[in-house]
Amino acid sequence: MRALVLALALVAVPTWLGAEEKVVSGLSEDRIEITANFNGSDLLIYGAVSRDAPPPKDSSLDVIITVQGPSFPVNVRRKSRVLGIWVNTDTVTVDSAPSFYAIATTRPFDQIISNTDDIRYSVSIPRAIRSVGAPRTIMDSQNFTEALIRIRQKQGFYGLQDASVRLAQDTLFRTDIRLPANLVEGVYKTRIFLTRNKQVVALDERSIYVRKVGLERWLFRLSRTQPAIYGALALAIAAFAGWAASAGFRALKR
Amino acid sequence: MQIYLPIAEVSVNAFLLFGLGGIVGILSGLFGVGGGFIITPLLFFVGVPPTVAVATGANQVVASSISGVLAHLKRKTVDIRMGVVLMCAGIAGSTAGIWLFNLLSRSGQIDLFVQLSYVLFLGVVGAMMLQESIRSLRRAKRAVAPIKRSQHMWVHRLPLKMKFRTSGLYISIIPPVLVGFGVGILAAVMGVGGGFIMVPAMIYLLNMPTKVVIGTSLFQIIFVTGFTTFMHALTNQSVDILLAVLLILGGVIGAQIGAALALRLKAEQLRILLALLVLLVCGKLALDLLLTPGELYSLAPVGRG
């Protein structure tokens, strides 16, 4: 028995080391523009595994793909009943939570990556969120993080889709990820992990630039950089519309 | 057709917004109310964040009030002097309101405060309107009873008297200042013009003649909501011009339809309908506060009002 294990190890190790696998990946779009009629986008992520030796026979290859939007701190508030009405009473600030996070895998998540590698690479949704601590008055900060994930999942911002990556002949893979209409501007990071025996063996990263364009961008920028001009513009439009309505109606009456 | 609102950062159906503006326009054409108190809660239901809904609602009221006041100026039914007094007090009130709004949004209680204000004011105004219109329906059926107007003698004993020629009044400026200040706070916090409070206050508290009330109220509302819009744009950056344009467009067309409809329908029945609508919105908001919510937790970005 021991001899067999030794023999296997002798065979397995060199092939394992020799067959170094790399990911070559591509995206259907690396630039997403939010226009006035932007209604979400379907992102196609595809790629191939390149290797200098035949793949090892003793373990199966799996692919995990994550797409992560820019992270921001978030206040998570909890309501409780005060004098008969529901009021926000407790607040926990989560230091950093991605505005969007999607995971696509070839098989159920916990079957293809170990807990250690999940922590090391921050792959799963709870690992992608960073929460340092809650105020001392709140004992159950875990519930707040879970609520954050639950709410964002319901809104379509976070999602884990098992078995949505198609892997052909252990070499070619592809998946579709739906980006919602309410995207936040920024750099979206795409990561492609190859795993064997629940260990990450290769990683490739790409960036997608999401930004508002045209009128959307112009209005947003103006409201942030020149709020006084923006406010005056809002009033001018309202004043003009009010005057035009009254004048137009009078012209119609005549 | 979905449209992405750059400040609210949500994607909403453009026709829905246009329709909302239209419904409010019809209401304002029918009943002569600004419609701010209906549009803001409706925007909450559609998913626009409360801060954006309030600030943009104020912007929409500017447009509808200007459109209305021009007609009144032609008919000379605007007491400009009274309007200026109310306006100055209103701007002071609006400043206080903006400060209150920012303070509350930092502490996470703004949604609650805005909702509570709505439940309170919509409830009171709706109930009063319903009672009044039912009474006038009954009165129309029976013989005409004499209308008693309260005299409020204490109002006439206050100092700082001023002459308001158009209204034919010689009264202290303290009551108008208080009314203007209070409505200014409401405008800032609730995103409304306050016409639905200002009009009864002018008639019953200031004893102004009914024919100048609506024009004067609209006159001062332009400046107060205009100032509110500007301050919200400056401090919260929460005015969404794209949203405002859609609402205004719908509102302008709706107002014409409403004005045409108003000529064909009976006033008392219309007022009962409006009262019921107001109470319905109020009831929905109140239920949200009273019933156990499906989700106890809510998310808010850090560092933005």
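Here the protein sequences come in this chain order: F and H.
Last residue of the first sequence: 1616 (our numbering), numbering continuous.
Last residue of the second sequence: 1073 (our numbering), numbering continuous.
Backbone N, C-alpha and C define an ideal beta-carbon position, used for all residues, glycine too.
Would you please verify whether the beta carbon of residue i is less than 8 Å from any beta carbon of chain F?
i                      : result
residue 818 (chain H)  : no
residue 1037 (chain H) : no
residue 1061 (chain H) : yes
residue 775 (chain H)  : yes
residue 998 (chain H)  : yes
residue 1049 (chain H) : no
residue 988 (chain H)  : no
residue 886 (chain H)  : no
residue 831 (chain H)  : yes
residue 1069 (chain H) : yes
residue 772 (chain H)  : yes
residue 827 (chain H)  : yes
residue 807 (chain H)  : no
residue 822 (chain H)  : no
residue 1055 (chain H) : no
residue 914 (chain H)  : A caution first: residue 914 (chain H) carries a pLDDT of 46, below 50, which makes its placement in the model unreliable, though a value can still be read off. Not an interface residue.
For residue i, write down the residues that DSSP places opposite it in a beta bridge.
i                      : result
residue 1385 (chain F) : F:1411
residue 930 (chain H)  : H:939
residue 1453 (chain F) : F:1439
residue 1557 (chain F) : F:1424 and F:1562
residue 1539 (chain F) : F:1405
residue 1448 (chain F) : F:1443
residue 1433 (chain F) : F:1460
Counting contacts by CB-CB distance shorter than 8 Å, is residue i in contact with chain H?
i                      : result
residue 1477 (chain F) : no
residue 1608 (chain F) : yes
residue 1592 (chain F) : yes
residue 1589 (chain F) : yes
residue 1582 (chain F) : yes
residue 1578 (chain F) : yes
residue 1534 (chain F) : no
residue 1439 (chain F) : yes
residue 1405 (chain F) : no
residue 1596 (chain F) : yes
residue 1540 (chain F) : no
What is the rounded straight-line gap between the Cα of residue i and the Cα of residue j?
i                      : j                      : result
residue 1347 (chain F) : residue 1586 (chain F) : There is simply no residue 1347 (chain F) to check, as chain F begins at 1363 and stops at 1616 in what is shown.
residue 1067 (chain H) : residue 1517 (chain F) : 12 Å
residue 1597 (chain F) : residue 997 (chain H)  : 8 Å
residue 1507 (chain F) : residue 1439 (chain F) : 11 Å
residue 960 (chain H)  : residue 989 (chain H)  : 9 Å
residue 1052 (chain H) : residue 779 (chain H)  : 24 Å
residue 1545 (chain F) : residue 971 (chain H)  : 49 Å
residue 1519 (chain F) : residue 1465 (chain F) : 11 Å
residue 915 (chain H)  : residue 936 (chain H)  : Caution is warranted here: a pLDDT of 48 is assigned to residue 915 (chain H), below 50, making its placement in the model unreliable, and the coordinate value is therefore given only provisionally. Near 20 Å, if we compare the C-alpha coordinates of residue 936 (chain H) and residue 915 (chain H).
residue 1430 (chain F) : residue 1404 (chain F) : 15 Å
residue 1504 (chain F) : residue 1512 (chain F) : 12 Å
residue 1521 (chain F) : residue 1576 (chain F) : 30 Å
residue 913 (chain H)  : residue 1001 (chain H) : With a pLDDT of 46 at residue 913 (chain H), under the threshold of 50, the predicted position of this residue should be treated as unreliable, though the coordinate-derived value follows. About 50 Å.
residue 898 (chain H)  : residue 827 (chain H)  : 29 Å
residue 1355 (chain F) : residue 1552 (chain F) : Since the first and last residues shown for chain F are 1363 and 1616, residue 1355 (chain F) lies out of range.
residue 1390 (chain F) : residue 1406 (chain F) : 5 Å
residue 1024 (chain H) : residue 1611 (chain F) : 8 Å
residue 1062 (chain H) : residue 1509 (chain F) : 12 Å
residue 929 (chain H)  : residue 945 (chain H)  : 12 Å
residue 1064 (chain H) : residue 1442 (chain F) : 7 Å
residue 883 (chain H)  : residue 824 (chain H)  : 17 Å
residue 1029 (chain H) : residue 1573 (chain F) : 45 Å
residue 1491 (chain F) : residue 1451 (chain F) : 23 Å
Among residues of its own chain, excluding the 5 on either side of residue i, which ones have a beta-carbon nearer than 7 Å to its beta-carbon?
i                      : result
residue 932 (chain H)  : 847, 849 and 850
residue 872 (chain H)  : 878 and 881
residue 1014 (chain H) : 782, 785, 786 and 789
residue 830 (chain H)  : 990, 993, 994 and 997
residue 869 (chain H)  : 878, 956 and 957
residue 1026 (chain H) : 793, 794, 795, 796, 797 and 798
residue 1540 (chain F) : 1402 and 1404
residue 1489 (chain F) : 1480 and 1481
residue 1548 (chain F) : 1431, 1432 and 1572
If distances are taken between C-alpha atoms only, which option among the options comes closest to residue i?
i                      : options                        : result
residue 973 (chain H)  : H:840, H:1002, H:939 and H:794 : H:939
residue 1600 (chain F) : H:855, H:814 and H:836         : H:836
residue 1535 (chain F) : F:1501, F:1435 and F:1526      : F:1526
residue 1420 (chain F) : F:1558, F:1605 and F:1573      : F:1558
residue 817 (chain H)  : H:1021, H:1064 and H:1007      : H:1007
residue 867 (chain H)  : H:953, H:1039 and H:1060       : H:953
Taking 7 Å as the cut-off, is the beta-carbon of residue i closer than that to any non-hydrogen atom of the ligand ATP?
i                      : result
residue 1038 (chain H) : In terms of ligand content, the structure shown is empty, and the ligand ATP therefore cannot be addressed.
Report all residues from its chain with a CB closer than 6 Å to the CB of residue i; omit the five preceding and five following residues, and keep chain order.
i                      : result
residue 891 (chain H)  : 1050
residue 1532 (chain F) : 1417 and 1423
In chain order, what residues of the same chain have a beta carbon less than 8 Å from the beta carbon of residue i, not counting five sequence neighbours either side?
i                     : result
residue 815 (chain H) : 778 and 780
residue 887 (chain H) : 1050, 1053, 1054 and 1057
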